[in-house]
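A.B. asks:
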Amino acid sequence: MKLDDFLRLSHGHQQEQLWFRGSVLANRYEDTHIYLLYALDLFYVELQYDAAGSKLLRLSAFTSTEPLTPYLPLLPDDLLAELG
Numbered sequence: 117m118k119l120d121d122f123l124r125l126s127h128g129h130q131q132e133q134l135w136f137r138g139s140v141l142a143n144r145y146e147d148t149h150i151y152l153l154y155a156l157d158l159f160y161v162e163l164q165y166d167a168a169g170s171k172l173l174r175l176s177a178f179t180s181t182e183p184l185t186p187y188l189p190l191l192p193d194d195l196l197a198e199l200g
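Count along the sequence shown from 1, add 116, and you get the number used in the working numbering.
1. Alpha carbon to alpha carbon, how far is tyrosine 187 from glutamate 132? Give it in angstroms, no decimals.
2. How about arginine 137 and leucine 190: are their beta carbons less than 8 Å apart?
3. To which residues of the same chain is serine 176 closer than 6 Å at the C-beta, ignoring the five residues directly before and after it?
4. Leaving out the 5 sequence neighbours to the left and right, which residues in its chain are closer than 7 Å to arginine 174 when beta-carbon positions are compared?
5. Can you tell me where the alpha helix (DSSP H) holding leucine 119 begins and where it ends?
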């Protein structure tokens, strides 16, 4: 699946694709938010949750490696070598 195809899906179908086809790469915590990073084919998806309310606040899909910066300390060395 290409990023453009993913972005054309409804919100529910995007989440379905992540759950069934995506790979969780890392999670991190910031204040009252939980962030989950997924890899799906040739792009990444970040989910932002409200930890207190267990509510999805934002879904961001991207191909750039710049948004991966907060996750770098959490990613395995073999994956970092692929990105480098």
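Where is the CB? At the ideal position from N, CA and C, for every residue including glycine.
C.D. replies: Reading it off the structure:
1. Within the sequence shown, residue 132 is the residue found at index 16, counting from 1. Within the sequence shown, residue 187 is the residue found at index 71, counting from 1. Between the alpha carbons of glutamate 132 and tyrosine 187 lies a distance of about 23 Å.
2. Locating residue 137 in the sequence shown gives position 21, where the first residue counts as 1. Locating residue 190 in the sequence shown gives position 74, where the first residue counts as 1. The Cβ-Cβ distance between arginine 137 and leucine 190 does not fall below 8 Å.
3. As a first step, residue 176 is located in the sequence shown; it is residue number 60 there, counting from the start. So the list reads Glu162, once near-sequence residues are dropped.
4. By one-based count along the sequence shown, residue 174 stands at place 58. If you ignore the 5 residues before and after arginine 174, its C-beta comes within less than 7 Å of the C-beta of Gln164, all in its own chain and listed in chain order.
5. Locating residue 119 in the sequence shown gives position 3, counting from the first residue. Start and end: 119 to 124.
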